[in-house]
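Chains as they are written, first to last, in the numbering used here: chain A, 3 to 192; chain B, 706 to 1080.
Below is the structure:
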């Protein structure tokens, strides 16, 4: 009961409205409508231009992939939360502003906005690694691949791809060609 | 927020995960997210364990019937629970930024706490990253989100980045926008995808301040509204229909029509019977149907000033039929139910229904199924 001030009279206080800037009035906005009528695309999962690695033949640059795979682990990988809890920096060193009852906002400096807001843009090598991992996972579910799921386009992966292509009647290239990706149901990493 | 039972393997850690099934994993997997893979049986669990051994460290099996693919959940491993923070099939989506508040409203459905809860911001940012299919609209609520102004800014820019087509609705009392430092920080670059939902409970300071139990709140909120208007931000005013507000509803609507003509929408909302509303039942428990003449008059007044308005949380049997077209299905999925007598009602599928806690508290009015056919 005492938590709430139940008497109107206590509240008869307060300043006259500080600023009256009601002058500039825009036209009323029309309510927004759903964009349900956006067209639904019926194209195949991937078209040629989506597929950056259609003719990737492995080997040549393995070491760099490896270095990338270790590199990428530092923005997650292990599954540990990648965010250091932002210390709740206390705001308002100037105690002048609001009435005593009014708490002030946490105005902690916003310099680190970028690190939160933008996803790390992947380099080409990282995209390749991601695409190979997805292909390896799928090939593993199909019992065609039993190697490490590590994003390295090794001989085993290549053999598994050839096997898959044989089963599907696709040209046996051992490459992540666009028809192969579509048959695997993997969208190309862009 | 839904809290469901889930059987985790040992691999799971506390924190945010996206739920996938085995078939979906190959196409969704990426380094910087964490995945809970639905494992309906032992074979599936073994498969997921095998993947972990082969190098996919950010996946973990879960056995449950209550999660859907695309859910974003916070795992509570010790209790064997998963909190569903986002579900694609829901109608209403929201992110919860803080439980602190600078007001103390008589009918607050979610009483504020004083604890430091900055981790909620990190959680919200994680949720945004983990969502598979961006929602059309996302609500941002609290507490008072402006108390975590810099966190709010992070979340807004993160949403803009990951979900460029999503409309954001920030539920705030707007009081802190009266502080130039807050408004100038938030509006360095005025957002183009945000609507602000601001409650207003009176046309005079002592009325509004009484309802929100905070002296000075009215002036600050009005100042905040004008700050929003000067940044050309869309505003929805929210009026919760409790006794002290309904008593002055005419005047309030006239005030809005005359002084705040720039608001995009006014929402007249029935009170949610939980939280502080229970402590202040004599002020908050109001039979909507008995208030119908006042609501009708308010609606006509707003019409006269050409202020668009909607009724929320009001079942159709509690509103005069003239107002039905303005009734919105506004109750969040996870707390929405219908009563037994609603089964006989012919307009049930157009009706917002009831808050799940109406059973043990009170109903907005005596329910009366609409049985005649309505065109």
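We put the beta carbon where it would ideally sit given N, CA and C, even for glycine.
Please read all numbers here as calculations on a predicted model, not as lab measurements.
- Listed in chain order, the non-local C-beta contacts of residue 153 (chain A) below 6 Å within the same chain comprise 71, 131, 134 and 135, local neighbours out to five positions each way being set aside.
- For residue 1012 (chain B), no beta strand (DSSP E) encloses it, and the DSSP letter there is neither H nor E.
- The residues 923 and 924, in chain order, have a CB closer than 7 Å to that of residue 910 (chain B) in the same chain once the five nearest residues on each side in sequence are set aside.
- Annotation for residue 776 (chain B): 724, 789 and 792 place their beta carbon closer than 6 Å to its own, counting only its chain and skipping 5 residues before and after.
- Chain A has no Cβ within less than 7 Å of the Cβ of residue 1067 (chain B).
- The secondary-structure analysis by DSSP pairs residue 974 (chain B) across a beta bridge with B:945 and B:1017.
- Annotation: the continuous alpha helix (DSSP H) that includes residue 135 (chain A) extends over 126–143.
- For residue 152 (chain A), the nearest CB of chain B lies under 7 Å from its own CB, placing it at the interface with that chain.
- Sorting B:836, B:887 and B:745 by C-alpha distance to the C-alpha of residue 866 (chain B) places B:836 at the top.
- In the DSSP annotation of this structure, the continuous segment of the beta strand (DSSP E) that includes residue 901 (chain B) starts and ends at 899–904.
- Listed along chain A are 6 and 7, each with a C-beta nearer than 7 Å to that of residue 918 (chain B).
- Under the DSSP assignment, residue 791 (chain B) falls in the beta strand (DSSP E) whose first and last residues are 786–791.
- Judged by beta-carbon spacing, residue 875 (chain B) lies beyond the 7 Å limit of residue 881 (chain B), meaning their Cβ atoms are not closer than that value.
- Interface residue (Cβ-Cβ distance to chain A less than 7 Å): residue 734 (chain B) is classified as such.
- Close CB contacts of residue 827 (chain B) within its chain, under the 8 Å cut and outside five residues either way in sequence, are absent.
- At the C-beta level, residue 764 (chain B) and residue 742 (chain B) come within 7 Å of one another.
- Among the residues facing chain A, residue 731 (chain B) is included, as its CB has a counterpart in that chain under 7 Å away.
- Taking C-alpha positions only, residue 932 (chain B) is separated from residue 942 (chain B) by approximately 14 Å.
- In the three-state DSSP reduction, residue 817 (chain B) falls in the coil class, being neither helix nor strand.
- Between the alpha carbons of residue 855 (chain B) and residue 160 (chain A) lies a distance of about 49 Å.
- Secondary structure note for residue 1056 (chain B): it is in no alpha helix (DSSP H), with a DSSP letter that is neither H nor E.
- Inter-residue distance for residue 834 (chain B) and residue 126 (chain A) is about 21 Å (C-alpha atoms, whole angstroms).
- Scanning chain A for C-beta atoms nearer than 7 Å to the C-beta of residue 760 (chain B) yields 150, 151 and 152, reported in chain order.
- A distance below 6 Å between beta-carbons, with the five flanking residues on each side excluded, links residue 966 (chain B) to no residue of its chain.
- Here residue 731 (chain B) carries a helix assignment [DSSP, helix/strand/coil].
- The shortest CA-to-CA distance from residue 978 (chain B) to any of B:971, B:986 and B:972 is the one to B:986.
- Scanning its chain for C-beta atoms nearer than 6 Å, with the 5 sequence neighbours on each side dropped, one finds around residue 772 (chain B) the residues 724, in chain order.
- In terms of CA proximity to residue 963 (chain B), B:1010 leads the group B:720, B:1014 and B:1010.
- With its beta carbon at least 7 Å from every one in chain B, residue 179 (chain A) lies outside the interface.
- Boundaries of the alpha helix (DSSP H) around residue 747 (chain B): 747–758.
- Judged by DSSP in its simplified three-state form, residue 886 (chain B) adopts helix.
- Among the residues of chain B, those whose CB is under 7 Å from the CB of residue 187 (chain A) are 732, following chain order.
- Taken through DSSP and simplified to helix, strand or coil, residue 738 (chain B) comes out as coil.
- Membership of residue 963 (chain B) in the alpha helix (DSSP H) is indicated by the continuous run 954–964.
- The three-state secondary structure of residue 846 (chain B), taken from DSSP, is strand.
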